[in-house]
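Chemist: This is the structure I have questions about; it appears just below.
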Amino acid sequence: EAQVTQNPRYLITVTGKKLTVTCSQNMNHEYMSWYRQDPGLGLRQIYYSMNVEVTDKGDVPEGYKVSRKEKRNFPLILESPSPNQTSLYFCASRPNRVEQYFGPGTRLTVT
Amino acid sequence: TQLLEQSPQFLSIQEGENLTVYCNSSSVFSSLQWYRQEPGEGPVLLVTVVTGGEVKKLKRLTFQFGDARKDSSLHITAAQPGDTGLYLCASRTEGGGNKLTFGTGTQLKVEL
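Protein chains in written order, with our numbering: chain W, 40 to 150; chain X, 33 to 144.
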């Protein structure tokens with residue numbers, strides 16, 4: 040089944056404790072991205088990657104890192120999480136300029 | 033950064049009613065997409081419109097792209113409880129490359 044998977048789905052952590060949210064797609068898509076979704080603000084892009092070893096900042100990259108060592112994986116790294124990074128995070132991938140597939144989301148709480 | 037305004041922000045209706053949600057921008061869209069997101073899941077693409085004035089139908093859903101490609105609407109006929117969800121529009125602007133911008137969404141609740 041073609042899909043985008045994220046892990047973990049839920050995470051509660053404390054300020055400053057490094058964490059990684061994994062994202063994997065099995066559709067051989069070149070383009071992948073990370074979004075955060077907050078009430079009243081909609082989906083905002085954090086980082087995106089157009090291919091292996093090619094990443095770029097989205098609208099809200101501060102406090103986040105990403106890597107794209109393999110085509111299928113695009114992990115999101117929070118080196119020192121803070122409470123304002125409490126949010127619902129989505130990974131997405133797409134094969135072309137139009138259609139985008141989203142993962143199921145990761146709900147992160149930073150206390 | 034292009035801003036996409038969606039209205040209304042919230043909509044609660046009875047089963048069988050019709051409704052329309054809107055997506056507007058001050059910039060010209062190169063293409064526009066509508067997504068539906070259900071609780072606990074990621075957004076799922078419903079439709080993409082590309083040509084000004086284009087109308088697409090998906091069962092009881094009718095999507096329209098404005099002639100000037102700066103606005104779009106989603107009309108649902110005879111809404112059902114299964115239509116409940118967050119409806120998001122997203123667009124790429126002309127010259128915007130790969131960047132996809134999302135609207136803030138319309139939260140629809142259809143009650144029996």
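For each residue, glycine too, the CB sits at the ideal point set by N, CA and C.
Apart from the five residues on each side of it in sequence, which residues of its chain come closer than 7 Å, Cβ to Cβ, to Val43 of chain W?
Modeler: Reading the first sequence from its first residue, position 4 is the one you call residue 43 of chain W. For Val43 of chain W, where only same-chain residues beyond five positions count, the Cβ hits under 7 Å are Cys62, Gln64, Cys130, Ala131, Ser132, Tyr140, Phe141, Gly142.
Chemist: Around the Cβ of Leu35 of chain X, are there at least 16 other Cβ atoms within 10 angstroms (buried) or fewer (exposed)?
Modeler: The residue given as residue 35 of chain X occupies position 3 in the second sequence. Exposed is the call here.
Chemist: Output, in chain order, the set of chain W residues within a Cβ distance shorter than 8 Å of Thr136 of chain X.
Modeler: The count along the second sequence starts at 1 and reaches residue 136 of chain X at position 104. The answer, in chain order, is Gly79, Leu80, Gly81.
Chemist: How far does the beta strand (DSSP E) with Glu49 of chain X in it extend, from its first residue to its last?
Modeler: In the second sequence, the residue the question calls residue 49 of chain X occupies position 17. Element bounds for Glu49 of chain X: n/a, residue is neither H nor E.
Chemist: Among X:Gln46, X:Thr133, X:Thr138, X:Gln38, which one has its Cα closest to the Cα of Asp98 of chain W?
Modeler: Your numbering for residue 98 of chain W matches position 59 in the first sequence. Minimum Cα distance to Asp98 of chain W is reached at X:Thr133.
Chemist: Beta strand (DSSP E) containing Met89 of chain W: first to last residue?
Modeler: Locating residue 89 of chain W in the first sequence gives position 50, counting from the first residue. Here the beta strand (DSSP E) through Met89 of chain W covers 81-90.
Chemist: On the CB-based measure, 16 or more other CB atoms within 10 Å of its CB, does Phe113 of chain W come out buried or exposed?
Modeler: For the purposes of this step, residue 113 of chain W is identified with residue 74 of the first sequence, where counting begins at 1. The residue in question, Phe113 of chain W, is buried, as its Cβ has 16 or more Cβ neighbours within 10 Å.
Chemist: Please check if any C-beta of chain X sits within less than 7 Å of the C-beta of Glu138 of chain W.
Modeler: Reading the first sequence from its first residue, position 99 is the one you call residue 138 of chain W. It does; some Cβ of chain X falls within 7 Å.
Chemist: DSSP on Gln139 of chain W, reduced to helix/strand/coil?
Modeler: One-based indexing of the first sequence puts residue 139 of chain W at position 100. Of the three classes helix, strand and coil, the one that applies to Gln139 of chain W here is coil, per DSSP.
Chemist: With the cut-off set at 7 Å, would you say Arg75 of chain W and Ser88 of chain W are in Cβ contact?
Modeler: The sequence position of residue 75 of chain W within the first sequence is 36, counting from 1. The sequence position of residue 88 of chain W within the first sequence is 49, counting from 1. It is not a contact, given that the beta carbons lie outside the stated cut-off.
Chemist: DSSP on Gly144 of chain W, reduced to helix/strand/coil?
Modeler: If you number the first sequence from 1, residue 144 of chain W lands on position 105. If DSSP states are grouped into helix, strand and coil, Gly144 of chain W belongs with coil.
Chemist: Could you check the C-alpha separation between Ser105 of chain X and Pro40 of chain X for me, to the nearest Å?
Modeler: Sequence index remark: in the second sequence, residue 105 of chain X carries index 73 (1-based). Sequence index remark: in the second sequence, residue 40 of chain X carries index 8 (1-based). In a straight line, the C-alpha of Ser105 of chain X is about 11 Å away from that of Pro40 of chain X.
Chemist: Looking at C-beta atoms only, is the number of pairs between the region 56-65 of chain X and the region 114-122 of chain W that lie closer than 8 Å three or more?
Modeler: Output reads no: the region 114-122 of chain W does not touch the region 56-65 of chain X.
Chemist: Can you give the Cα-Cα distance for Thr54 of chain W and Thr150 of chain W, rounded to whole angstroms?
Modeler: The count along the first sequence starts at 1 and reaches residue 54 of chain W at position 15. The count along the first sequence starts at 1 and reaches residue 150 of chain W at position 111. Computed Cα separation, rounded: 6 Å.
Chemist: DSSP three-state label for Asp95 of chain W, please.
Modeler: Position 56 of the first sequence, counted from the first residue, corresponds to residue 95 of chain W. Strand at Asp95 of chain W.
Chemist: For Cys121 of chain X, tell me which candidate among X:Gly114, X:Ile108, X:Gly135, X:Gln112 has the shortest Cα-Cα distance.
Modeler: By one-based count along the second sequence, residue 121 of chain X stands at place 89. For the residues X:Gly114, X:Ile108, X:Gly135, X:Gln112, the minimum Cα distance to Cys121 of chain X belongs to X:Gly135.
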